[in-house]
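Chains A and B are the protein sequences, given in the same order.
-19 is the number of the first residue of the first sequence in this note's numbering; add one for each residue after it.
2 is the number of the first residue of the second sequence in this note's numbering; add one for each residue after it.
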Amino acid sequence: MTRSTIEFTSSAEDRRVAGLAAAAIGLTLAEAAIPLPIPGIKPGLANIVTLFVLYRYGWRTAAWVAGLRIVAGALALGQFLTPAFVLSLTGGVMSLCVLAVAIRLPGRWFGPVGLSLLAAFAHIGTQLWVVDVWLLPGASILGLLPLFLGAAWLTGLANGLATAHLLKSNPQNEEATP
Amino acid sequence: MIAAYFRPGDWLLAAAGLALVAGLWLRQADSLEGRVVIRLDGKVFQEASLRLNRLIEVPGPLGVSRIEIHAGRVRVAADPSPRQLCVRQGWIPPGGAAVCLPNRVSVENAAAGYDTLNY
């Protein structure tokens, strides 16, 4: 058998991104199995991974992990390029933008919980905006705003607390320096 | 123990988020729940909330129609129209309307309703 001429080298960084993205995808798939009463409301457990990575390895790695999670998660669930995927993508991109700014806030004042809340609100806000202008133009989604924002508040808080706990119980080890 | 994970700004953001949600919820409840639309000559004469008991007098071409809002319900209490159809209709159910025709007054109990339900 001839050896493949294609060289594929992966750096430690690549392997780290892959491993973290795999964890995020796992959470996405697991939460897809949870029956939820209202479409559009889900815990967004994968965001725990995104936030954890943001704190540990920086925004670039977090963006990679989130992007891979969105695309691969959609592929695995059969949602790739469907409206659900577009919503997931736009919400994800906007959350990452907000997080890019929010991570620069003084760490003494704002921690994972605050960032998680900001990201959750950015996520659902963008999604509702996309639904309003693209998916259901004309249908007043204003009536759903309190419901969805309330859910975002709850899940943002829960995910933020989970991330804070995760960061505290996994002190940074030396090989994980960015 | 959970509180240890909050930094000062986090409390602030959580409170602000909760206030936003609560504010929207209250505003929503107010705007969707029980609006009464009174029209005179086809034009909106007054919009009122079902929550506030009151007597509204609408000066129609025949005379004054009195519309009563009481305990979350609305009815035409008195009207100068000869056949008194809108008065005898009694309390107007949610989504219903009463029309006092020669006097050109209509009362609509515009209850919250769904106009689309889809995924």
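By construction, the Cβ of each residue, glycine as well, lies at the ideal position given by its N, Cα and C atoms.
For this session: For chain B, find out if any of its Cβ atoms is closer than 8 Å to the Cβ of residue 103 of chain A; answer yes or no.
Result: no
Exercise. Which chain A residues sit within Cβ distance under 9 Å of residue 89 of chain B?
Worked result: Within 9 Å Cβ-Cβ: nothing; residue 89 of chain B doesn't reach chain A, min ~35 Å.
Exercise. For residue 148 of chain A, which three-state DSSP category applies?
Worked result: In the structure shown, residue 148 of chain A sits in a helix (DSSP, three-state: H, G or I).
For this session: With 8 Å as the threshold, decide whether the Cβ of residue 21 of chain B is near any Cβ in chain A.
Result: yes
For this session: Can you check the segment 52 to 94 of chain B for any alpha helix (DSSP H) of at least 4 residues that lies completely inside it and give the ranges in chain order?
Result: 86 to 89
Problem set entry | Collapsed DSSP secondary structure at residue 99 of chain B in the structure displayed | DSSP places residue 99 of chain B in strand when its eight states are reduced to three.
Problem set entry | Whole-angstrom distance between residue 36 of chain B and residue 144 of chain A, CA atom to CA atom | 46 Å
Exercise. In terms of residues, what are the limits of the alpha helix (DSSP H) holding residue 47 of chain B?
Worked result: Careful: residue 47 of chain B lies outside any alpha helix (DSSP H), inside the beta strand (DSSP E) at 44 to 50.
Problem set entry | Alpha carbon of residue 115 of chain A to alpha carbon of residue 92 of chain A, nearest angstrom | 32 Å
Exercise. Smallest Cα separation from residue 98 of chain B: which of B:74, B:81 and B:83?
Worked result: B:74
Problem set entry | residue 96 of chain B at chain A interface by Cβ criterion, 8 Å | no
For this session: In angstroms with no decimal places, state the Cα-to-Cα distance between residue 99 of chain A and residue 100 of chain B.
Result: So the two alpha carbons sit approximately 51 Å from each other.
For this session: For residue 107 of chain B, name the three-state secondary structure that DSSP assigns.
Result: strand
Exercise. In this structure, does DSSP put residue 158 of chain A in helix, strand or coil?
Worked result: Reliability of the predicted coordinates at residue 158 of chain A is poor, the pLDDT of 45 falling under 50, and no value is obtained from them.
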